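Asker: In our numbering, the protein residues as written are 40 to 278.
Just so it is clear, CB atoms sit at the ideal spot from N, CA and C, and this is done for glycine as well.
Treat the numbers as computed from the prediction; the structure is a model and nothing was measured.
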């Protein structure tokens, strides 16, 4: 695959799960990937595997999305800009924070705040900080990884579902504001039931055979980051 040749794309949550698979798939498709996560050893492992595969050498930077404030996001963007030579053609917001399914009376304010921080505020902060670079790209795609309960509220999903609903709203706002920039687009991809660590946590009784594998959804991720999806923006896409 070479659908992402010459593109530089930042991926959060790149040390495990969907983020790790997106990073490896994008690198195999020709992209220079910027790996972002907060676990150093896991991040180094993904970096080493991509580097050993013969794909373009990635960048890997530890960054804690949970505690970052405005100044940290701006400094982080400046660091990436210097490393990549002021080049960024997309972001895939894979990082996600989930506690547990529980009734509202068992959920805490701190749990809600932390889930909003990672699932909604951090994607906004990163996208805002990198917007100058994205505007300079001839073709820039920002992907927010969503969750079905962001559109379909159900019992026990509480703070996680609410934060994902807000993520959908964020995407729609960005897409609307970027209408005058034909080179920019923003979309939400909802992976559905996938054999990921988070899915196994939320649905422990679900049989593995009932879920998709990573390779079933990766072609869609590549397509939405490639020039083939140019002109498609503000959509919530179920994979």
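So for residue 45, helix, strand or coil by DSSP?
Answerer: Taking the chain shown and counting its residues from 1, the one referred to as residue 45 is at position 6. Of the three classes helix, strand and coil, the one that applies to residue 45 here is coil, per DSSP.
Asker: Taking only the alpha-carbon atoms, compute the straight-line gap between residue 211 and residue 122 and give it to the nearest angstrom.
Answerer: The count along the chain shown starts at 1 and reaches residue 211 at position 172. The count along the chain shown starts at 1 and reaches residue 122 at position 83. Going by the C-alpha atoms only, they are around 30 Å apart.
Asker: So for residue 94, helix, strand or coil by DSSP?
Answerer: On the chain shown, residue 94 is found 55 positions in, with the first residue counted as 1. Looking at residue 94 - three-state DSSP - the assignment turns out to be coil, as it is neither helix nor strand.
Asker: Assuming residue 200 contacts residue 188 under a Cβ cut-off of 8 Å, what Cβ separation, rounded to an integer in Å, is found between them?
Answerer: As a working mapping, residue 200 is identified with position 161 in the chain shown. As a working mapping, residue 188 is identified with position 149 in the chain shown. Yes, residue 200 and residue 188 are in contact; Cβ-Cβ is about 4 Å, under 8 Å.
Asker: To which residues of the same chain is residue 287 closer than 6 Å at the C-beta, ignoring the five residues directly before and after it?
Answerer: The structure shown has nothing for residue 287, since the chain only spans 40 to 278.
Asker: Tell whether a beta-carbon distance below 7 Å holds between residue 182 and residue 262.
Answerer: Residue mapping note: residue 182 aligns to position 143 of the chain shown, counting from 1. Residue mapping note: residue 262 aligns to position 223 of the chain shown, counting from 1. Contact: no.
Asker: Around the Cβ of residue 170, are there at least 16 other Cβ atoms within 10 angstroms (buried) or fewer (exposed)?
Answerer: As a working note, residue 170 is residue 131 in the chain shown. So residue 170 ends up on the buried side.
Asker: Going by DSSP, what residue range makes up the beta strand (DSSP E) through residue 277?
Answerer: Numbered from 1 along the chain shown, position 238 holds the residue referred to as residue 277. Per DSSP, residue 277 belongs to the beta strand (DSSP E) from 275-277.
Asker: Starting from residue 130, trace the alpha helix (DSSP H) both ways and give me its first and last residue.
Answerer: Working through the chain shown from its first residue, we reach residue 130 at position 91. Per DSSP, residue 130 belongs to no alpha helix (DSSP H); it is in the beta strand (DSSP E), 129-132.
Asker: With respect to the alpha helix (DSSP H) encompassing residue 153, which residues constitute its N-terminal and C-terminal limits?
Answerer: By one-based count along the chain shown, residue 153 stands at place 114. That run of the alpha helix (DSSP H) goes 148-155.
Asker: Sort out for me which residues DSSP pairs residue 125 with in a bridge.
Answerer: For the purposes of this step, residue 125 is identified with residue 86 of the chain shown, where counting begins at 1. Looking at the DSSP assignment, residue 125 forms no beta bridge with any residue, so it has no partner.
Asker: Going by beta-carbon coordinates alone, are residue 275 and residue 233 separated by less than 7 Å?
Answerer: By one-based count along the chain shown, residue 275 stands at place 236. By one-based count along the chain shown, residue 233 stands at place 194. No.
Asker: Taking DSSP as the reference, what is the three-state secondary structure of residue 264?
Answerer: Here residue 264 refers to the residue found at position 225 when the chain shown is read from its first residue. In the structure shown, residue 264 sits in a helix (DSSP, three-state: H, G or I).
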